[in-house]
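Residue numbers (UniProt numbering): 1 to 290.
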């Protein structure tokens with residue numbers, strides 16, 4: 001995701017032992033005092049703490065409110081909840097991080113989301129809305145307020161993602177049935193949770209002589225973006241750029257990765273894929289712990 005450009009100078013991880021906490025007073029995620037950037041990496045990171053979302057409690061006064069469909073549609077069609085989609089794109093704009101939010105035709109102007117992004121120290125430099133068969137797409141070009149540059153910190157990128165999902169759960173409580181975080185923080189938990197072992201797919205292929213394309217599809221969960229970047233960097237593989245999509249209960253990730261400015265050789269591809277599968281597999285409990 002946010003990343004050093006393939007042609008630019010490299011950025012390295014710095015230690016980031018602090019975790020993110022959610023503040024309900026500002027509707028945004030408060031950042032830790034130290035952050036990390038990801039780009040070319042030559043050594044492993046210290047462990048990052050998992051995101052803490054204990055105070056993540058969206059308002060649910062209108063928990064049963066599900067907007068009616070357009071007149072003329074059948075009752076089944078009008079009650080069908082669309083799949084929420086949150087895309088964080090670091091590839092399409094060299095100067096800004098592109099955020100795209102879709103939830104059928106139910107989203108309004110997203111002014112609360114824009115204000116929450118400002119509370120994260122970000123500027124929305126450009127906004128665009130367009131319609132297609134999948135619904136109304138809200139796209140924002142985002143930069144850091146202090147530097148005017150695109151976001152290059154995976155913890156801040158994860159904060160952006162969770163802030164948007166937080167607002168979806170708060171202002172569209174019916175979306176919780178379609179979001180992984182709806183199970184813990186929503187009013188309508190998903191009716192059919194995803195089996196992470198079945199949902200997880202990992203592929204790696206060459207994308208030119210100097211980098212490879214890593215594709216991951218798995219069950220979504222809070223903190224996933226930061227944890228993936230850490231797993232990759234732990235084996236000295238650099239994340240140059242990419243895209244992180246939240247599509248309902250699924251997370252779909254495309255990372256451009258390299259090892260010492262070269263595409264990953266087959267043995268290293270296998271090591272990376274095995275490390276990610278081990279990390280993403282269904283948690284198991286040792287019976288001796290009872």
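No residue lacks a Cβ here, since even glycine has one placed at the ideal position from N, Cα and C.
| Check | Outcome |
| --- | --- |
| Rounded to a whole number of angstroms, what is the C-alpha to C-alpha distance between residue 102 and residue 208? | 32 Å |
| Determine the direct distance from the alpha carbon of residue 130 to that of residue 88, and round the result to whole angstroms. | 17 Å |
| For a test of the three-state rule: what should DSSP assign to residue 191, helix, strand or coil? | coil |
| With a CB to CB cut of under 7 Å and the five nearest residues on each side skipped, what residues in its chain are close to residue 252? | 217, 245 |
| Measure the CB-CB distance between residue 97 and residue 143 and report whether it falls below 9 Å. | yes |
| Pick out whichever of 128, 173, 95, 166 has its Cα sitting closest to the Cα of residue 109. | 128 |
| On the CB-based measure, 16 or more other CB atoms within 10 Å of its CB, does residue 187 come out buried or exposed? | buried |
| Thinking C-alpha only, which one of 163, 260, 126, 235 is nearest residue 223? | 163 |
| Whose C-alpha, out of 138, 190, 121, 170, is nearest the C-alpha of residue 159? | 121 |
| Starting from the C-beta of residue 104, find all residues in its chain whose C-beta is less than 6 Å away, skip the five residues before and the five after it, and write them out in chain order. | 82, 135 |
| On the CB-based measure, 16 or more other CB atoms within 10 Å of its CB, does residue 154 come out buried or exposed? | buried |
| DSSP beta-bridge partners for residue 140? | 99, 127 |
| What whole-angstrom Cβ distance do residue 165 and residue 179 have, given they're in contact under 8 Å? | 6 Å |
| Alpha helix (DSSP H) containing residue 163: first to last residue? | 154-171 |
| Which residues mark the beginning and the end of the alpha helix (DSSP H) in which residue 116 is found? | 111-119 |
| In chain order, what residues of the same chain have a beta carbon less than 7 Å from the beta carbon of residue 256, not counting five sequence neighbours either side? | 6, 207, 211, 213, 240, 241, 242 |
| Output needed for residue 235: all residues of its chain with C-beta closer than 7 Å, excluding positions within five of it in sequence on either side, in chain order. | 271, 272, 275 |
| Is it buried or exposed, residue 175, if we count other Cβ atoms within 10 angstroms and call 16 or more buried? | buried |
| Does the Cβ of residue 200 have 16 or more other Cβ atoms within 10 Å, making it buried, or fewer, making it exposed? | buried |
| Under three-state DSSP, which class holds residue 306? | Since the first residue of the chain shown is 1 and the last is 290, residue 306 is not available in this structure. |
| If we count the other Cβ atoms within 10 Å of its Cβ and call it buried at 16 or more, is residue 219 buried or exposed? | buried |
| With a CB to CB cut of under 8 Å and the five nearest residues on each side skipped, what residues in its chain are close to residue 292? | Because the chain is modelled from 1 through 290, residue 292 falls outside the range shown and cannot be assessed. |
| Can you grab the Cα-Cα spacing for the pair residue 265 / residue 157, in whole Å? | 29 Å |
| Do residue 225 and residue 277 have their C-beta atoms closer together than 9 Å? | no |
| Considering only their Cβ atoms, is the gap separating residue 85 from residue 247 smaller than 9 Å? | yes |
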